[in-house]
Amino acid sequence: MSEELLYAGKAKSVYRSDAPDELVVVFRDDITAFDGGKKDVLSRKGEYNARVSARLFEVLEKAGVPTHFLRLEDPTRMRVRRLAMVPLEVIVRNRAAGSLVRNYPFESGQPLAPPLIVIDYKDDARHDPMVNDEIILALGLLGRAELEEMKGLALRVNGVLRGIFAAADLDLVDFKLEFGRDDEGRLRLGDEVSMDSMRLWSRETGESLDKDVYRLGTGDVLGAYARVAERLGLEM
Ligand code: C5P
Numbered sequence: 362m363s364e365e366l367l368y369a370g371k372a373k374s375v376y377r378s379d380a381p382d383e384l385v386v387v388f389r390d391d392i393t394a395f396d397g398g399k400k401d402v403l404s405r406k407g408e409y410n411a412r413v414s415a416r417l418f419e420v421l422e423k424a425g426v427p428t429h430f431l432r433l434e435d436p437t438r439m440r441v442r443r444l445a446m447v448p449l450e451v452i453v454r455n456r457a458a459g460s461l462v463r464n465y466p467f468e469s470g471q472p473l474a475p476p477l478i479v480i481d482y483k484d485d486a487r488h489d490p491m492v493n494d495e496i497i498l499a500l501g502l503l504g505r506a507e508l509e510e511m512k513g514l515a516l517r518v519n520g521v522l523r524g525i526f527a528a529a530d531l532d533l534v535d536f537k538l539e540f541g542r543d544d545e546g547r548l549r550l551g552d553e554v555s556m557d558s559m560r561l562w563s564r565e566t567g568e569s570l571d572k573d574v575y576r577l578g579t580g581d582v583l584g585a586y587a588r589v590a591e592r593l594g595l596e597m
């Protein structure tokens, strides 16, 4: 690759492109969990996440959610608008699972209506601590109106994704989003929307078809990712 590497995360690398306001995100085959404590390489995993993310970004754009997505240049390379990322992880939860069940007295699978929005400060060294509105404002990460806009966008994304996955017989339990500002200062959805960043439970069997298969070591991770792609109608 001739482009200059700007940033390598745990599963994606970001390169400068030929356009100053556009970047190239490469979805790698690396998979990690527990703040990088568990790591593996799964052949074709990058392709599944890139293709599913691209499809979901397209649907979200059509539904009026501004995203960084421009196009998929090849199966693992996504052309995106450059964003100044806000270091927050916005988690939307339709059912209790994962850290919510570990840290609070919720039953696993308990429906959450209306959905909960939980926001973490993105910092591996601090283990992504949960923040509240006051902390976000005091850190100067967003203004009050932007914070409300970001939450509104997250709920809009939830509405769109729940519908898509319900039609594919999948229950969208929770997911994580990251936002950034484009060159005009407009908030846009960035990062990825993939099986690495959401929980999807089969409506028929209740089994996980997402990164929990890897976290918990319960089965065939790539097989689960492939089933999601297939149910979304993607030919891989
Ligand atoms: O671990 P927790 O239950 O808080 O995760 C909630 C949701 O956010 C899950 O879908 C998980 O995959 C996603 N998540 C993520 N990246 C993180 C933390 C959570 O994609 N750093």
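Residue 362 is where the sequence shown starts when you use our numbering, and the numbers rise one by one after that. Glycine included, C-beta positions come from ideal geometry on N, C-alpha and C.
Checklist entry - Does at least one heavy atom of ligand 1 sit under 7 Å from the Cβ of R560? => result Numbered from its first residue, the sequence shown carries residue 560 at position 199. Checking every heavy atom of ligand 1 against the Cβ of R560, one is found closer than 7 Å.
Checklist entry - Roughly how many angstroms lie between the CA atoms of Y575 and G551, to the nearest whole one? => result The residue labelled residue 575 in the question sits at position 214 within the sequence shown. The residue labelled residue 551 in the question sits at position 190 within the sequence shown. Rounded to whole angstroms, Y575 to G551 spans 24 Å at the Cα level.
Checklist entry - Between which two residues does the beta strand (DSSP E) harbouring R456 extend? => result The residue given as residue 456 occupies position 95 in the sequence shown. Per DSSP, R456 belongs to the beta strand (DSSP E) from 449 to 456.
Checklist entry - Just checking my contact of N455 with P476 at CB under 8 Å: how many whole Å lie between their CB atoms? => result Counting from 1 along the sequence shown, the entry for residue 455 is found at position 94. Counting from 1 along the sequence shown, the entry for residue 476 is found at position 115. About 5 Å separates the two Cβ atoms, so the contact holds.
Next on the checklist: Going by DSSP in three states, M362 sits in which element: helix, strand or coil?
Outcome noted: Here the question's residue 362 lines up with position 1 in the sequence shown. Caution applies to M362, whose pLDDT of 49 falls short of 50 and renders its modelled position unreliable; the value that the coordinates give is listed next. Note: M362 maps to coil in three-state DSSP.
Checklist entry - For V426 versus L533, is the C-beta spacing smaller than 8 Å? => result Locating residue 426 in the sequence shown gives position 65, where the first residue counts as 1. Locating residue 533 in the sequence shown gives position 172, where the first residue counts as 1. Contact: no.
Checklist entry - Given 8 Å as the limit, is there contact between the stretch 477 to 496 and the stretch 444 to 453, that is, 3 or more CB pairs closer than that? => result yes
Item to check | DSSP bridge partner residues for S374 (one or two, in chain order) | outcome: Position 13 of the sequence shown, counted from the first residue, corresponds to residue 374. For S374, which the question treats as bridged, DSSP gives the partners A369, V387.
Checklist entry - DSSP on D532, reduced to helix/strand/coil? => result Here residue 532 is taken as the residue at index 171 of the sequence shown, counted from 1. Strand.
Next on the checklist: Buried or exposed for M362, going by 16 or more other Cβ atoms inside 10 Å?
Outcome noted: The residue given as residue 362 occupies position 1 in the sequence shown. Low confidence applies here, because M362 scores a pLDDT of 49, under 50, leaving its location unreliable; read the following figure in that light. Exposed.
Checklist entry - Under 7 Å from any heavy atom of ligand 1, does the C-beta of M461 make it? => result For the purposes of this step, residue 461 is taken as residue 100 along the sequence shown, with counting starting at 1. Note on identity: in this sequence residue 461 is Leu, with Met being the wrong assignment. Under cutoff, so the answer is yes.
Checklist entry - Going by the beta-carbon positions, is the gap between A411 and F430 smaller than 8 Å? => result Within the sequence shown, the letter at position 50 stands for residue 411. Within the sequence shown, the letter at position 69 stands for residue 430. No, they are not a contact pair.
Checklist entry - Three or more beta-carbon pairs under 8 Å between the stretch 518 to 533 and the stretch 553 to 565, yes or no? => result yes
Next on the checklist: Counting C-beta neighbours from all protein chains within 10 Å, is the total for S469 16 or more, i.e. buried, or is it exposed?
Outcome noted: Locating residue 469 in the sequence shown gives position 108, counting from the first residue. By the neighbour-count rule (16 or more Cβ atoms within 10 Å), S469 is not buried but exposed.
Item to check | Cβ shell of K537 (< 6 Å), same chain only, five flanking positions each side left out | outcome: Here residue 537 refers to the residue found at position 176 of the sequence shown. Excluding positions up to five away in sequence, the list reads E450, I452, S558.
Next on the checklist: My parser needs the beta strand (DSSP E) runs of 3 or more residues fully inside the stretch 455 to 510; what are they?
Outcome noted: 472 to 482
Next on the checklist: Just list the residues that DSSP pairs T579 with in beta bridges.
Outcome noted: Numbered from 1 along the sequence shown, position 218 holds the residue referred to as residue 579. Note: T579 sits in no beta bridge, so no partner.
Item to check | Option in R432, M439, K371 with minimal Cα separation from V385 | outcome: Start at 1 with the first residue of the sequence shown, and residue 385 comes out as number 24. Comparing Cα positions, the closest option is M439.
Checklist entry - What three-state label does DSSP hand D435 in the structure shown? => result For the purposes of this step, residue 435 is identified with residue 74 of the sequence shown, where counting begins at 1. Note: D435 maps to strand in three-state DSSP.
Item to check | Proximity below 8 Å, CB of L570 to CB of L561 | outcome: By one-based count along the sequence shown, residue 570 stands at place 209. By one-based count along the sequence shown, residue 561 stands at place 200. For L570 and L561, yes; Cβs fall inside 8 Å.
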